[in-house]
Amino acid sequence: MQHPVYLINLDGSDDRLRSAKRQLDDAGIPFERVPAFDGRALRVEEFPEYDAAGAMAYMGRPLRGGEIGCYLSHLDCARRFLESGAPCGLVFEDDMQLNPGFAEGLRIVLDWLDEHRNWDLVNLGSPQHKIYTPIMEFSAAGRRYDLTRAHYFPMTATALIWSRQGAESFVQTHDRITRGVDNHFRHWLTRSDRGLSVWPPLVTTTGAESVIEGGSGKRSAQGRHPLYGLIKQRRQIVNKWIAWRHKRDLARRGKAAGDAAPPRS
Numbered sequence: 001m002q003h004p005v006y007l008i009n010l011d012g013s014d015d016r017l018r019s020a021k022r023q024l025d026d027a028g029i030p031f032e033r034v035p036a037f038d039g040r041a042l043r044v045e046e047f048p049e050y051d052a053a054g055a056m057a058y059m060g061r062p063l064r065g066g067e068i069g070c071y072l073s074h075l076d077c078a079r080r081f082l083e084s085g086a087p088c089g090l091v092f093e094d095d096m097q098l099n100p101g102f103a104e105g106l107r108i109v110l111d112w113l114d115e116h117r118n119w120d121l122v123n124l125g126s127p128q129h130k131i132y133t134p135i136m137e138f139s140a141a142g143r144r145y146d147l148t149r150a151h152y153f154p155m156t157a158t159a160l161i162w163s164r165q166g167a168e169s170f171v172q173t174h175d176r177i178t179r180g181v182d183n184h185f186r187h188w189l190t191r192s193d194r195g196l197s198v199w200p201p202l203v204t205t206t207g208a209e210s211v212i213e214g215g216s217g218k219r220s221a222q223g224r225h226p227l228y229g230l231i232k233q234r235r236q237i238v239n240k241w242i243a244w245r246h247k248r249d250l251a252r253r254g255k256a257a258g259d260a261a262p263p264r265s
């Protein structure tokens, strides 16, 4: 595969590394292991890039050290990809689970992406899919998939494909961390409308708790803004309103240049 592939893996998470390596080896995909930034044991005050006031305003709560570490790990992968000089690159988190037909589906998606430039980031592992426009239908291992314009960019960052323009935007606009990386991607790409997604997902997760983020169980309410619920609701409403506007505008002007592609199988 001509595109670089990066696997985020925390030092000491050997079982996850073995599982991910086995899957990628079986798919014929060489990769570079990227040591995850371990922020679990650090106080948020120890991160100079963390903006506590900004996080409270946007998220309605403080970020955890693990969330900041996950953000920094993805930022590291984007920088490595840009240094490679390749046109696009893949990033996996080590709790990934490749679905049957992944290699075939990935090849089809990459072939399409190589011929089109109106995108920044593709989510291959979205567990939910809302407010989108289909742009290419394909099948892999006998299952039908859609590559879509993801107006409401999906959460989770288990499996991603970066374009150079997208990675450059992520790296160059990075200043202060006010939200987790998946919330950051949703905020940015919902506004730019340059995010794509595959549905149903080509990649799921093993179901194991996040190690980098220090577990994915129910968050404590400690430290939350008194209006946390309203802040979260406002964020979701604004993002969905922007997404619906993009979907409406795309429908009105027809298929945007670069979005049209015939079904493939």
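All residue numbers for the sequence shown refer to the UniProt record's numbering, where the first residue is 1 and numbers rise by one.
All C-beta atoms in this analysis are idealised placements derived from N, C-alpha and C, irrespective of residue type, glycine included.
Three-way DSSP call (helix, strand, coil) for G254 in this model: coil
Between L106, E67, D95, which lies nearest to A27 when the distance is taken from Cα to Cα? L106
Out of L124, E46, Y58, which has the shortest C-alpha to C-alpha gap to V238? Y58
Residue from R194, L230, Q23, L82 with nearest C-alpha to L250: R194
Kindly list the residues whose CB is nearer than 6 Å to the CB of V122, restricted to its own chain and excluding five residues on each side of it in sequence; keep chain order. I161, L196
Whose CA, out of R22, Q172, A55, lies closest to the CA of F31? R22
Which residues does DSSP pair with V122 in a beta bridge? I161, L196
Using only the alpha-carbon positions, how far apart do Y132 and V198 sit? 10 Å
Quick one: what's C88 bridged to in DSSP? S163
Reference W119; option with closest CA among C88, M96, A103, S126: C88
Option nearest G229 by Cα separation, candidates R16, M56, D94: M56
Rounded to the nearest angstrom, what separates R235 and Q97 at their Cα positions? 30 Å
Three-way DSSP call (helix, strand, coil) for E49 in this model: coil
With a CB to CB cut of under 8 Å and the five nearest residues on each side skipped, what residues in its chain are close to P4? E32, R80, F81, S84, A86, G89, L90
Per the DSSP calculation, G150 is bridged to which residue(s)? It is worth fixing the name first, because residue 150 is Ala in this sequence and not Gly. Answer is Y132, bridged to A150.
Simplified DSSP assignment, three categories, for R80: helix
With 16 as the cutoff for other CB atoms within 10 Å, does R186 come out buried or exposed? buried
Contact set for A141: own chain, Cβ-Cβ below 7 Å, skip 5 residues either direction: P100, G101, E104
Which residue or residues does DSSP assign as beta-bridge partners of Q97? T204
With DSSP run on the structure shown, which of helix, strand or coil describes S139? strand
In terms of residues, what are the limits of the alpha helix (DSSP H) holding residue 267? With the chain running from 1 to 265 in the structure shown, residue 267 is simply not present.
Closest by C-alpha distance to H129, when choosing among L10, L147, E115: L147
Neighbourhood of D94 by C-beta, 7 Å cutoff - its chain only, sequence neighbours within 5 removed: L7, I8, N9, S13, R16, L17, A20
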